[in-house]
Structure formats: C-alpha cells, structure tokens
Amino acid sequence: MLTKEETRNELFTMGHTGCSGCAQSMSVKLIMEILGKNTIATSATGCLEVFSTRWPESSWKIPWIHSLFENSAAVASGVEAALKYMGKKDGINVIAQGGDGGTADIGLQALSGMFERNHDVLYICYDNGAYMNTGYQRSGLTPFDAYTTTSPSGKESFGNNRPKKYMPEIAMAHRIPYTAVSSAGYPMDLQKKVKKAMTIKGAKYLQVDVPCVPGWKYEPRYSVKLAQLAVQTGLYPLFEAEYDKIISVKKISKKVPVEEYLKLQGRFKHLFKDEAGRAEIEKIQKMADENIERYGLM
Amino acid sequence: MKQVLEGSMAIADGVRMAEPHVISAYPITPQTHIVEHLSQMVADGDLKAEFIMVESEHSAASVVLGASACGVRTYTATAAQGLLYMEEVIYNIAGMRLPVVMTLANRAVSAPINIWNDMQDAMAIRDTGAIMLVAENNQEAYDMHIQAFKIAENRDVMLPVIVNVDGFVLTHTFEVVETIDSIDKVREYLPPINMEYKLDVENPYSFGTLGEPSVYMESRYNMYNAMKYSSKTIIDAAKDFKNMFGRFYGGLTDTYKMDDAQTVIVAMGSVLGTIKDVVDELRDSGKKIGVLKIRSFRPFPEEEIVNALKNAKNVIVIEKAICPGKGGILSVEIRDSLFKHKINTVNVNGYTIGLGGRDITPKNIKDLVERAEKEENVDGEFIGLSQQYL
Chain A
2 MLTKEETRNE LFTMGHTGCS GCAQSMSVKL IMEILGKNTI ATSATGCLEV
52 FSTRWPESSW KIPWIHSLFE NSAAVASGVE AALKYMGKKD GINVIAQGGD
102 GGTADIGLQA LSGMFERNHD VLYICYDNGA YMNTGYQRSG LTPFDAYTTT
152 SPSGKESFGN NRPKKYMPEI AMAHRIPYTA VSSAGYPMDL QKKVKKAMTI
202 KGAKYLQVDV PCVPGWKYEP RYSVKLAQLA VQTGLYPLFE AEYDKIISVK
252 KISKKVPVEE YLKLQGRFKH LFKDEAGRAE IEKIQKMADE NIERYGLM
Chain B
10 MKQVLEGSMA IADGVRMAEP HVISAYPITP QTHIVEHLSQ MVADGDLKAE
60 FIMVESEHSA ASVVLGASAC GVRTYTATAA QGLLYMEEVI YNIAGMRLPV
110 VMTLANRAVS APINIWNDMQ DAMAIRDTGA IMLVAENNQE AYDMHIQAFK
160 IAENRDVMLP VIVNVDGFVL THTFEVVETI DSIDKVREYL PPINMEYKLD
210 VENPYSFGTL GEPSVYMESR YNMYNAMKYS SKTIIDAAKD FKNMFGRFYG
260 GLTDTYKMDD AQTVIVAMGS VLGTIKDVVD ELRDSGKKIG VLKIRSFRPF
310 PEEEIVNALK NAKNVIVIEK AICPGKGGIL SVEIRDSLFK HKINTVNVNG
360 YTIGLGGRDI TPKNIKDLVE RAEKEENVDG EFIGLSQQYL
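Going down the list, the sequences are from chains A and B. This note's numbering applies: residue 2 is where the first sequence begins, and numbers increase by one. This note's numbering applies: residue 10 is where the second sequence begins, and numbers increase by one.
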C-alpha cells in the first residue's frame with residue numbers, strides 16, 4: 002500500500018477519470034513504475050488519452066503526446082528519430098501506446114511500419130477487446146461470441162462471430178527482437194516483461210489483457226480475477242517471443258473451464274440462456290483447449 | 010553560385026541549406042525526386058539528418074509531428090492523394106502548433122487518376138491551419154523553403170508551412186538557380202530552432218490533450234490569431250532574405266506592371282510566367298494591364314489584394330482548381346475582400362483552367378483578357394473543354 006504522498010509522486014498519477022476497476026489505468030501505473038522518468042510516451046486516441054489528459058489537467062509526469070487514433074507508432078518513430086538526432090536516445094525510453102482498435106485495426110499500418118523499420122520503441126497494446134471509449138463496438142480483437150453494440154446477440158446472432166486476431170503473431174512475423182503478452186491480472190509478470198523490453202534495442206511489442214468494467218459488464222471488484230481467469234482458462238495465453246520464436250509461456254497450474262470466466266461477464270450472458278448457447282460455450286472451450294495445446298500452457 | 014537545376018533538386022538543396030534534423034516521406038509523383046535527392050544527400054553525408062522512409066504519407070506526417078514535438082527541425086513533402094491521406098495529420102500539427110515545413114508538389118486529385126499539375130490538392134487543405142505559400146519558379150522555390158523554416162519557427166507563429174510548387178512544371182523542369190554558397194549566412198538568417206514547449210524528460214509537458222467545450226474554442230482562436238499574425242512574419246522573412254541574399258519576390262503578394270492598370274490578372278504559381286509574357290505583349294500594344302501574384306494563399310492577403318485591385322476595372326482570376334457546387338475559390342475570396350471594403354466598381358471574373366496538367370497557353374490568357382471585358386461575375390467557368398468528351 003502506498004501512502005498518499007507516494008501516490009502523488011507516481012509518474013502516472015491519481016486524479017484521472019478512469020472508471021473504477023479500470024484495468025488499463027492499473028496497468029499503466031505498473032508499467033510506469035518500471036519505466037521511470039526518463040521515458041517519453043505517445044498515446045493513440047482512446048480511453049487512456051481521454052481519461053488522463055483533460056486539459057488543463059494531466060496524469061502524466063513524463064513527456065507525453067497524443068496525436069491521432071492510428072498514428073501512435075508513427076509519432077513514436079518520430080520521437081525516437083529526434084532523440085537519435087540529438088544523441089539522447091540511449092538514456093531515454095520511448096513507448097507508444099494504443100488500445101486494441103488503435104493497435105490492431107486502424108493503427109496496424111503505422112505499427113507495421115514501426116516494426117519493419119525496427120525503431121527502438123516499446124509499443125504497448127492495452128487490449129480490452131472492443132472500442133470501449135466510443136461505447137463498446139467490436140474490434141479485430143473482440144473475442145468470439147462477445148456481445149458488443151455492433152456485434153450484438155439476438156435471434157440470429159451469438160455476438161461477435163469471429164475469433165480474436167492473432168496480433169502478437171503478427172508482431173512476431175515482423176521478426177522484431179521482442180514480443181510479449183501479459184495481463185493486468187499478473188502484475189509481476191507484466192513488470193518483468195517491461196523490464197526485459199527495456200534491455201532490448203529495437204522494436205518491441207507488449208500486449209496486455211485489460212478487463213473493462215462497463216464494456217465487459219461485470220462488477221468492478223472482478224477486474225483482476227477476470228484477467229487471471231482469462232489466463233487460467235487458456236483463453237489469453239501469456240508468452241514471450243524473441244524474433245519469431247516463443248521463448249517462454251506462463252504455465253497454467255490448474256485448468257479452469259471457460260464457463261467460470263464467461264459467466265461473470267454480461268457480454269457473454271446470452272450464452273447461458275439455452276442449449277444453443279451451451280453449444281457456443283463448447284466452441285469457446287475448444288478454442289481455449291487449442292491454445293493450451295498450441296502454446297504448451299500445461 | 011549559378012547552376013542549372015531541376016526544380017526538385019533546387020528544392021532539396023534549399024531544404025539542405027536549412028539543415029532539417031528529421032525528414033520523413035513516402036514516394037508520390039511528382040514529389041518523389043525531392044526526397045530522392047534529400048536521401049542521397051543524407052547518404053553522402055552532405056546533410057546530417059535522420060531520414061525516415063515510411064509506409065504511408067499518414068505516417069510521414071506523423072513522424073515529423075513526433076520529431077517536431079521533441080524540438081528538432083523537420084521536413085516532409087507530398088502531392089495530391091498523399092496530401093489528402095495526411096490531411097488529418099496536418100490539422101493535428103497545426104493544432105499542436107508544431108513548425109513542420111513541407112513541400113506540396115501540386116498535382117490533380119483522383120478520379121480520374123492523373124499525375125499532372127493543378128492546384129486542387131492545395132485547395133483541399135486550405136482550412137487546416139497550415140501557412141500556404143506558392144512559388145512561381147525554381148529560384149523562388151529554393152529561396153522560399155529557407156524562408157519557410159524561419160516563418161514556421163517564429164515564436165509568435167508556430168505553425169506548419171506548406172510551400173506549393175507546381176508538379177512537373179517546376180519540380181521536373183531545369184532552370185538556372187542561384188544557390189547560396191555560405192551555409193553560415195543561412196545559419197545567420199535562420200537561427201537554430203528553439204521551441205518553448207517540447208517533449209523533454211527534464212521538463213515534461215503533455216501534448217495533444219483533450220480540449221473540452223470550455224477550452225476548445227480558445228485553442229482554435231489562438232491558432233487563428235497566430236495565422237493572422239504570420240502575415241507580418243512572412244513579409245519580414247522576405248525582407249530579411251532580400252537584405253542578406255539580394256532576392257525578393259514580394260511579401261504576401263507581388264505586382265507586375267500595375268501602374269495605371271485597368272485590367273489585372275490574378276494568379277498563383279508557375280502560370281504567372283506565361284501570364285507575364287502575355288502582359289508584356291499587351292502592354293507593348295498599349296493595353297493598360299498588369300499582374301497580381303498571390304504569394305501567400307494562407308494567410309490570405311486581403312489588404313494587399315484590395316489595395317492592388319481597387320482601381321482596376323476588370324480582374325481576371327486564373328484558377329487551376331474548382332469548388333464543385335460553387336465555382337471559383339480564389340476568385341470568390343477576392344470578390345469577398347472587395348465587397349468587405351465596399352468596392353463595387355471592380356468586375357471580377359474567375360476562370361477554371363489547366364486542370365490535370367492541361368497546358369495553359371498564351372492564347373488562352375489573351376482570350377480571357379478579351380472575354381473578361383465583356384463578361385461579369387464569371388464564377389469558375391471551365392476553359393478549353395473538348396466537346397467530344399462531354
């Protein structure tokens with residue numbers, strides 16, 4: 002527990018307008034603790050930008066810039082180039098941040114460019130699985146069968162009809178030196194991966210699973226629990242890769258059935274109504290099992 | 010030193026003299042030669058800069074945005090579709106008050122796809138908050154790029170500057186250009202960039218924050234005011250340049266043979282060369298005709314225009330752009346300027362000509378001079394259409 006004074010000295014400070022239970026703001030705080038003050042950050046348009054920088058207030062005690070929705074990676078590339086020109090790059094971390102939409106959908110081109118050019122930037126994708134800032138619309142990282150306002154469940158629909166895009170694998174396909182997946186449910190894992198990323202020169206990708214209270218529709222007290230369940234079911238495998246090779250995975254000690262994860266969230270409640278929904282849960286269980294197999298999680 | 014230079018090379022060399030620190034670009038005709046030349050200069054060690062060849066114009070503008078926010082001097086270049094693709098970023102750069110300098114090799118916009126010159130691309134970004142200067146020839150393009158950095162980086166301006174140069178007509182044409190021999194003289198003219206607010210770990214600021222209804226308008230007003238103020242900076246930059254290097258093309262506008270002129274042709278860019286030849290010829294035959302050159306399209310030089318045109322009878326506005334659903338663009342702004350100053354004795358006719366690289370000949374100009382005296386308030390009429398394709 003931090004004292005009030007210590008909280009005030011944090012680089013991502015209190016006073017922002019994030020929702021109670023917001024796993025994204027929690028992750029940013031954890032990440033900033035590791036990165037330290039010699040860091041310049043960019044943010045894509047999204048929740049984080051909106052709730053942390055309502056002018057004239059800002060929660061950032063490091064230099065921070067938001068430009069547009071799709072260019073966080075390109076702006077960070079420019080920041081890195083400027084630091085290189087000034088001969089300051091070695092002492093300063095550059096991070097680019099975006100949500101899942103700003104990263105895997107609209108920002109993918111700029112991100113691919115940043116990867117391919119191998120800028121010395123850590124890109125962090127806070128994945129809450131939909132466009133939460135605009136009110137819960139589906140993105141390329143929305144999980145299978147999740148209700149969103151643009152992939153609603155209904156007589157003819159079980160919600161989002163496509164699985165999540167394999168974004169970390171897309172990063173790995175660029176042969177960047179470091180790709181990692183972590184979770185707000187595992188602070189030590191998250192901080193360890195940030196620490197490691199800081200030691201590696203070149204482009205890095207870190208994707209963090211960040212449960213979203215209003216988007217996923219659950220009680221705020223379950224944020225950490227849900228993030229942990231996502232990992233323990235096999236639905237959100239945590240791993241590290243160097244170039245195109247996975248070098249470590251977070252093992253699951255005891256596999257949890259996906260139902261335990263789904264039933265706490267309003268976005269999946271339509272799956273619990275009838276037999277047809279049951280069959281969908283089976284499909285999701287199969288996806289989790291395939292992940293366990295594919296990444297060797299057990 | 011006098012050299013025969015391709016327009017793109019002249020521009021690249023002008024940019025080199027301004028010593029930008031980060032350059033980012035994406036190829037598009039007819040801009041490509043400029044960034045090819047610059048990347049060669051960096052490869053040869055003639056320019057110490059980070060050159061980032063990106064995957065799109067959107068990222069080119071975003072890279073210079075990020076670099077500029079760190080307080081270094083930045084440059085990019087584009088044309089037509091590339092400009093439209095980066096338009097969102099240009100608004101953002103201007104809103105964040107970052108002094109990025111950019112060349113726009115003016116080119117037609119698609120569809121139909123067409124790589125040749127007109128100014129429709131420039132007209133699409135006229136409200137972004139970027140200062141828009143227009144060069145008439147390669148020498149002015151060379152000089153204007155050096156001036157552009159001085160204007161952009163002025164503490165009271167802090168806005169992006171876009172230097173418009175006609176695609177192919179200037180970018181791919183060889184002309185004699187007098188280049189500056191002494192980089193020290195340029196350094197004296199253009200001091201090192203020194204931004205008050207930047208991304209600096211020693212003094213952290215948040216850039217691009219959320220501007221709620223209670224503050225957004227003030228932010229836009231400050232930018233609007235800076236743009237207004239920049240008129241003075243543009244004029245000063247031109248005068249200082251004259252004092253140091255001897256060349257001058259006017260401040261916001263320039264005039265040619267305007268004494269006692271009853272007919273005035275108004276235009277921007279390379280077409281002014283053809284227009285001046287025609288005016289010489291008509292003057293020789295006794296016609297009281299002159300030329301008003303628009304050197305700064307944004308900020309719009311209302312006062313200068315009114316002063317230049319108030320005693321004319323007929324004004325002919327030659328425009329390589331069209332506003333569908335309305336008509337002329339420059340001509341409408343000129344008519345509005347005169348109206349605001351309660352001048353109703355000037356007949357302003359605007360003609361749309363030379364779209365998509367179609368030649369504008371001396372005969373075209375002469376025909377318009379004849380027509381303008383018989384017509385009133387022409388609003389962007391298309392000139393020289395082939396009936397068979399209509």
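Glycine included, each C-beta is placed from N, C-alpha and C at the ideal position. Bear in mind that the values here come from a model prediction, so they are computed numbers and not experimental data.
Residues in its own chain within less than 7 Å of residue i by CB, not counting five upstream and five downstream?
| i | result |
| --- | --- |
| G365 of chain B | A117, N123, W125, D127 |
| F273 of chain A | K264 |
| A289 of chain A | T234, G235, L236, V259 |
| L142 of chain A | D101, A105, D128, G130, K165, K166, M168 |
Once you ignore the five residues that flank residue i on each side, which residues in its own chain have a CB closer than 8 Å to its CB?
| i | result |
| --- | --- |
| L291 of chain B | I298, K375, V378 |
| D269 of chain B | K297 |
| N94 of chain A | L36, G37, N39, T40, I41, L123, M199 |
| V273 of chain B | M267, I298, G299, V300, L301, A317, L318, A321, N323, V324, I325 |
Reducing DSSP to helix, strand and coil, say where residue i ends up.
| i | result |
| --- | --- |
| S213 of chain A | One detail in the question is off: residue 213 of chain A reads as Cys in this sequence, not Ser. Here C213 of chain A sits in coil by DSSP. |
| T180 of chain B | coil |
| S73 of chain A | helix |
| F145 of chain A | coil |
| V109 of chain B | coil |
| M141 of chain B | strand |
| T10 of chain A | According to the sequence provided, residue 10 of chain A is Asn. The question's Thr does not apply to it. Reduced to three states, the DSSP call for N10 of chain A is coil. |
| G100 of chain A | strand |
| Q25 of chain A | helix |
| F52 of chain A | helix |
| K11 of chain B | strand |
| A70 of chain B | helix |
| L82 of chain A | According to the sequence as given, residue 82 of chain A is Ala; it is not Leu. Reduced to three states, the DSSP call for A82 of chain A is helix. |
| E328 of chain B | strand |
| D388 of chain B | strand |
| V81 of chain B | coil |
| G336 of chain B | strand |
| K296 of chain B | coil |
Rounded to the nearest angstrom, what separates residue i and residue j at their Cα positions?
| i | j | result |
| --- | --- | --- |
| V24 of chain B | V209 of chain A | 42 Å |
| E81 of chain A | C126 of chain A | 18 Å |
| V51 of chain B | Y86 of chain A | 13 Å |
| K329 of chain B | Y94 of chain B | 21 Å |
| D121 of chain A | I177 of chain A | 10 Å |
| I20 of chain B | N39 of chain A | 38 Å |
| N134 of chain A | E390 of chain B | 47 Å |
| F60 of chain B | K226 of chain A | 47 Å |
| M189 of chain A | L298 of chain A | 18 Å |
| I96 of chain A | C20 of chain A | 23 Å |
| K193 of chain A | I107 of chain A | 29 Å |
| S33 of chain B | V44 of chain B | 9 Å |
| V76 of chain A | A76 of chain B | 7 Å |
| M426 of chain B | A235 of chain B | Examination of residue 426 of chain B is not possible in this model, given that chain B is present from 10 through 399 alone. |
| N72 of chain A | G393 of chain B | 43 Å |
| K270 of chain A | E7 of chain A | 40 Å |
| S254 of chain A | V232 of chain A | 10 Å |
| E313 of chain B | S65 of chain B | 38 Å |
| V166 of chain B | D388 of chain B | 34 Å |
| K205 of chain A | V280 of chain B | 50 Å |
Across which residues does DSSP place residue i in a beta bridge pair?
| i | result |
| --- | --- |
| E59 of chain B | B:V31 |
| N94 of chain A | A:T40 |
| H67 of chain A | A:S44 |
| T188 of chain B | The partner list for T188 of chain B (beta bridge, DSSP) is empty, contrary to what the question assumes. |
| Y124 of chain A | A:A97, A:Y206 |
| L168 of chain B | BP columns for L168 of chain B are empty, so no partner. |
Excluding sequence positions up to five away, which residues of its chain have a Cβ less than 6 Å from the Cβ of residue i?
| i | result |
| --- | --- |
| A185 of chain A | A24, M27, S28, V211, A228 |
| G47 of chain A | G100, G103, N134 |
| Y137 of chain A | A131, T149, T150, G216 |
| Q30 of chain B | The sequence shown places His at residue 30 of chain B, rather than the Gln named in the question. Closer than 6 Å at the Cβ level, and outside the excluded window around H30 of chain B, lie A58, V81, R82. |
Got a sec: which bits of the segment 171–182 of chain A sit with their beta carbon under 9 Å from any beta carbon on chain B, in order along the chain?
Contact annotation: in the segment 171–182 of chain A, no residue has its CB less than 9 Å from a CB in chain B.
Using a Cβ-Cβ cutoff of 8 Å, what residues of the segment 46–72 of chain A are near chain B? List them in chain order.
So the list reads E50, V51, T54, R55, W56, P57, S59, W61, K62, I63, P64, W65, I66, H67, S68, L69, E71, N72, given in the order they occur along the chain.
Name, going along the chain, the residues of the segment 207–238 of chain B whose beta-carbon falls closer than 7 Å to a beta-carbon of chain A.
Correct list: L208, D209, V210, P213, Y214, S215, F216, G217, T218, L219, G220, E221, V224.
The segment 80–108 of chain B: positions lying closer than 7 Å to chain A by Cβ:
Result list: V81, E97, V98, N101.
Check each residue of the segment 80–100 of chain A: if its Cβ is closer than 7 Å to any Cβ of chain B, include it; give the result in chain order.
Within the segment 80–100 of chain A, the residues whose Cβ lies closer than 7 Å to some Cβ of chain B are V80, A82, A83, L84, K85, Y86, M87, I93, listed in chain order.
Going along the segment 68–80 of chain B in order, which residues come within less than 9 Å of chain A, judged by CB to CB distance?
Taking 9 Å as the Cβ-Cβ cut-off against chain A, the residues of the segment 68–80 of chain B that qualify are S68, A69, A70, S71, V72, V73, L74, G75, A76, S77, A78, C79, G80.
Using a Cβ cut-off of 7 Å, which residues of the segment 6–30 of chain A contact any Cβ in chain B, in chain order?
Shown here is that no member of the segment 6–30 of chain A has a Cβ falling below 7 Å from a Cβ of chain B.
Mind checking the segment 113–138 of chain A against chain B and listing, in chain order, the residues whose C-beta falls within less than 9 Å of any C-beta there?
Correct list: S113, G114, M115, E117, R118, H120.
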